[in-house]
Amino acid sequence: MKQKVLVFILVLVLLGIIDSGYLTYEHYAKTVPPCSTSIFIDCGKVLRSKYAVMFGIPLAVIGVIHYGLLTIFTLFAWVSHSRPAKGGVNSSGNLFNWIPDQVRNDKLWKYFVVIQSTVGAFASVYFMYLQLGVIGSICLYCTFSAIISFIIFGLAMIFLRKEKKELALVLFAIFYQKILKNIFFLIDAEIIHESMLSTGEILGNIFPVKYSISRLTKYKDSSLKQKISSINFETPVGLAAGFDYEAKLPLITPALGFGLQTIGTITNMPYEGNPKPRLGRLPKSKSLMVNKGFKNEGALQIVKRLEGLRFDIPIGISIGRTNSPKLPTLKQSIEDIVECFIKLQTSNLKHSYYELNISCPNIIHGSDITFYPPKNLKTLLAEVEKLRINKPVFVKMPIEKSDRETFNMLDVISKYKIAGVIIGNLQKNRKDPELVQEEVKKFKVGNFSGKPTFNRSNELIKLAYKKFGKKLVIVGCGGIFNADDAYTKIKLGASLLQLITGLVYQGPQLITQINYGLIDRLKEDGFKNIKDAVGIEV
1 MKQKVLVFIL VLVLLGIIDS GYLTYEHYAK TVPPCSTSIF IDCGKVLRSK
51 YAVMFGIPLA VIGVIHYGLL TIFTLFAWVS HSRPAKGGVN SSGNLFNWIP
101 DQVRNDKLWK YFVVIQSTVG AFASVYFMYL QLGVIGSICL YCTFSAIISF
151 IIFGLAMIFL RKEKKELALV LFAIFYQKIL KNIFFLIDAE IIHESMLSTG
201 EILGNIFPVK YSISRLTKYK DSSLKQKISS INFETPVGLA AGFDYEAKLP
251 LITPALGFGL QTIGTITNMP YEGNPKPRLG RLPKSKSLMV NKGFKNEGAL
301 QIVKRLEGLR FDIPIGISIG RTNSPKLPTL KQSIEDIVEC FIKLQTSNLK
351 HSYYELNISC PNIIHGSDIT FYPPKNLKTL LAEVEKLRIN KPVFVKMPIE
401 KSDRETFNML DVISKYKIAG VIIGNLQKNR KDPELVQEEV KKFKVGNFSG
451 KPTFNRSNEL IKLAYKKFGK KLVIVGCGGI FNADDAYTKI KLGASLLQLI
501 TGLVYQGPQL ITQINYGLID RLKEDGFKNI KDAVGIEV
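Letter by letter, the sequence shown follows residues 1 to 538 in UniProt numbering.
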């Protein structure tokens, strides 16, 4: 369909060139083109007015330039759009094979078509105003050109709506990364984080704001839809646990393009957080220092905040042991986790799944208590299974353990009623090659998110899929900054994705950009649905 529309736009553009080209000839020939004259129509009056020239350049010449640019942009968009998927045949034959592949970027040329058609439409509005409101007459040739511009603009807005949205996202990304982020990074990271939570909560309760944002970010495509553990996911990218531990964002995250969100981590008892600093930035490493230690208001307060709310996307709740000196033993820690599950299970919340976070590296009270040894993990999962939880449970995994240790944990998990695993949590290795040491030295506490987690999480995703892919759903988390990062995790075995740090560094438009990018990559590789690409490189 888009190819036919581009061809039609090309026809209109050529008509525009003929029209403006003819007016250019008449201007320099100092003649007036044939035109009927009436009380409303007087081509000579318009074409000989002072408004027919702008900055010393005849408007007719500007029209030729405008339509000439549109011709180039539309032609290249059409040629590039008809290029084959990998291994396919170009429907335009060999006619345009001389064009370098770098130039055959149909998305870029469609952006230009959107921009230029918008410029033409707004210019036409202004010029029609001059004719009707200032000069008092219209020129049929000028009006014909305006009609052409309006039709081209309308076609671009309707049939290139995905590219229109992508262009808007690109422009916002530039604004965020060059201006907003630089301002935010002048302020303490935790203050900005808390401010974003409060702002998101307010915006989530203002329908016009949510609607306006979603108009830009939402783009449904069947290739991204999945049904996993009896839950329908429109898109695969989710907000990971650790960002919204106060349950303030579930009404705004759908408008940002998220396909799922995990609240938490929530604990049975409230915890004010570890001693500061709790959050820091490592821009060169594309990482965040995280030292929250399960900061949250406790299960009862979270239930109170969420009760009665209906969610537009699957919402999960992450549960962990309370970071408290009151839980000095493994038995007490497990009882604490079980009690938290019970409080949530007996509530009327409309959430879709749970996460069991066994891998937080920032617990400072009872840090010697761990669920990593298979014996301890079995004990925990056995107690959780006794609850007969009616929602899927996913286990949040560490990434600092060896392949053998990870395999042993996955082997235990696969024997219980666990839907899947999230791989994975923070990077504890302060010597990781992705970490710039001059940044690491600024922080004496905490562990690291973002790019330093990418490679190791990918290795463990691949391991988990290869050994347990038929038993466990894998959620890829760690170091996702663009669609290529996301697609890499999918090809290694992840069915769903989660992120936080990429959002901080790239901007809130990132989620939609990833979704668009995944749609394009699936199409290029010949996949009809994202599930077809899961694990193809294992």
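Glycine residues also receive a C-beta, built at the ideal position from the N, C-alpha and C atoms.
Everything numeric in this text was worked out from a predicted model, so none of it was measured.
- Out of Y354, S359, M409, the CA that lies nearest to the CA of K375 is found in M409.
- Cα atoms of I364 and P452: separation of roughly 23 angstroms, rounded to the nearest angstrom.
- Around the Cβ of I191, a 10 Å sphere holds fewer than 16 other Cβ atoms; the residue is exposed.
- The alpha carbon of K162 has as its nearest neighbour, out of G476, Y211, T217, G120, the alpha carbon of T217.
- In the structure shown, P254 adopts helical secondary structure according to DSSP, grouped into three states.
- In this structure M269 is not in contact with S222, their Cβ atoms being roughly 44 angstroms apart against a cut-off of 8 angstroms.
- Ranked by Cα distance from C477, the options A240, I147, I413 are led by A240.
- About 5 angstroms separates the beta carbon of L306 from that of L349, a gap short enough to meet the 8 angstroms contact definition.
- Below 8 angstroms, too few C-beta pairs join the region 303 to 323 and the region 281 to 289 to call them touching: fewer than three.
- Per DSSP, the continuous beta strand (DSSP E) segment holding G264 begins and ends at 260 to 266.
- In the three-state DSSP reduction, C477 falls in the strand class (E or B).
- Per the Cβ contact rule, the region 462 to 469 is not in contact with the region 128 to 146 (fewer than 3 Cβ pairs under 8 angstroms).
- Within the same chain, T74, A77, W78 come within 6 angstroms of L6 by CB-CB distance, once the 5 residues on both sides are set aside.
- Fewer than three Cβ pairs drawn from the region 179 to 194 and the region 478 to 492 lie within less than 8 angstroms of each other, which leaves the two stretches out of contact.
- Look at the region 443 to 528 and you find these whole runs of beta strand (DSSP E), each 3 residues long or longer: 473 to 477, 496 to 499.
- Under the DSSP definition of a beta bridge, Q427 partners with F448.
- Pairing Q427 with I399 gives a Cβ-Cβ distance under 8 angstroms.
- Taken through DSSP and simplified to helix, strand or coil, F233 comes out as strand.
- Within the same chain, Cβ atoms closer than 6 angstroms to the Cβ of K110 are found at A77, L160, E163, the five residues on either side in sequence being excluded.
- By the CB criterion at 8 angstroms, I152 and V13 fall inside the cutoff.
- Between the alpha carbons of I319 and F341 lies a gap of roughly 7 angstroms.
- Sorting Q506, N529, T512, G535 by C-alpha distance to the C-alpha of I174 places Q506 at the top.
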